[in-house]
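Position 79 of the sequence shown, counted from 1, bears residue number 679 in the working numbering, the numbering being contiguous throughout. From the three backbone atoms N, C-alpha and C, an ideal C-beta is built for every residue, glycine too. Remarks on the structure that follows.
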Amino acid sequence: DVVATSHADLVLHRHADDLASGALQALVYLSTIGVYGDADGAWVDEDWSCRPSTPRTVARRAAETGWLDIGARTGSAVSVLRLSGIYGPGRNTFVNLAEGAARRLVKPGQVFNRIHVEDIAAAVDLALSQSASGIFNITDDEPAPPQDVVAFAAGLMGIEPPPEQAFETARLSPMARSFYGSNKRVSNARSKRVLGMDYGYPDYRTALRRMWDEGTWR
């Protein structure tokens, strides 16, 4: 991840002129809803004013602007897909519970947004096949408190969930604590309306139940 390691999109930095002068037809850039910053739990859409607050999200926002600029200069279709928290096989709450790493941290009013990897792949396919341009949030329908997700997954596994812990007194790494510094509910309405997205994993309950029943969580 070049943005995470250097706080810059190296492909954009080194090859922007080549791409702008070549035969670029369509491009999809995978970004993050982190570029919105904190919204104090409010709903946000693609027209929300971005307030990135970390070097990583500032760099992501700059990369978005750079890629969209190339699209405008060349007439190419450039889609920016802003992804929420990614999960899928091998990376989910079931795995954390099985490994004894799951925690139920409670911060009143806090929600997180999520997206399954298969829905990301579907969004990329739609954006490319339609030569779509613009910014699209790719996230499921239901932002939810993280402790509720852990409890639901534990119920499907037939085990007791870990006890709730108050966020304020929990021992966390600076990175883990930083995730709770941003609270927002991200709308996916534009992706449905413009791209025709039909989310296969529309909320955490549907997603976890399907993954558990199909055995696709490992």
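On the three-state DSSP scale, how would you describe residue i?
i	result
residue 696	helix
residue 625	coil
residue 764	strand
residue 702	coil
residue 603	Note that residue 603 scores 46 on pLDDT, short of 50, meaning its location in the model is unreliable; the coordinates nonetheless yield the value given after this. Reduced to three states, the DSSP call for residue 603 is helix.
residue 711	coil
residue 818	coil
residue 806	helix
residue 735	strand
residue 755	helix
residue 729	helix
residue 801	coil
residue 744	strand
residue 634	helix
residue 608	coil
residue 642	coil
Shortest alpha-carbon distance to residue i belongs to which of the options?
i	options	result
residue 627	633, 768, 746, 612	612
residue 760	773, 704, 777, 796	704
residue 765	615, 706, 698	706
residue 802	738, 777, 750, 643	738
residue 636	657, 621, 623	657
residue 708	795, 806, 640	640
residue 673	810, 774, 618	618
residue 697	771, 787, 762, 731	762
residue 791	757, 782, 734, 806	734
residue 667	614, 644, 689, 693	614
residue 620	812, 671, 782	671
residue 782	767, 608, 774, 710	710
residue 624	817, 728, 780	728
residue 810	718, 643, 731	718
residue 736	774, 684, 813	684
residue 692	675, 676, 752, 775	752
residue 622	634, 642, 676	676
residue 702	754, 655, 775	754
residue 807	655, 686, 654	686
residue 864	731, 779, 793	The question about residue 864 has no answer here: the residues shown for the chain are numbered 601 through 818.
residue 654	757, 774, 749, 669	774
residue 795	699, 652, 731	731
Would you mind sorting residue i into buried or exposed? The rule is 16 or more other CB atoms within 10 Å of its CB.
i	result
residue 679	buried
residue 815	exposed
residue 610	exposed
residue 632	buried
residue 649	exposed
residue 787	buried
residue 690	exposed
With a floor of 4 residues, list each alpha helix (DSSP H) that falls wholly inside the stretch 649 to 675, ordered by position along the chain. Listed in chain order, they are 655 to 674.
I'd like the ranges of any alpha helix (DSSP H) spanning at least 4 consecutive residues and lying wholly in the stretch 768 to 797. Taking only runs of at least 4 residues, the alpha helix (DSSP H) segments lying wholly in the stretch 768 to 797 are 774 to 779.
Does the structure place the stretch 615 to 635 close enough to the stretch 719 to 738 that three or more beta carbon pairs sit under 8 Å? Touching, yes.
Just checking, does the stretch 708 to 722 make contact with the stretch 735 to 747 on the three C-beta pairs under 8 Å criterion? Counting Cβ pairs under 8 Å, three or more are found: they touch.
Under 8 Å, with one C-beta from each stretch per pair, do the stretch 653 to 668 and the stretch 678 to 698 reach the 3-pair mark? Contact between the stretch 653 to 668 and the stretch 678 to 698 is present: 3 or more CB-CB pairs across the two stretches fall below 8 Å.
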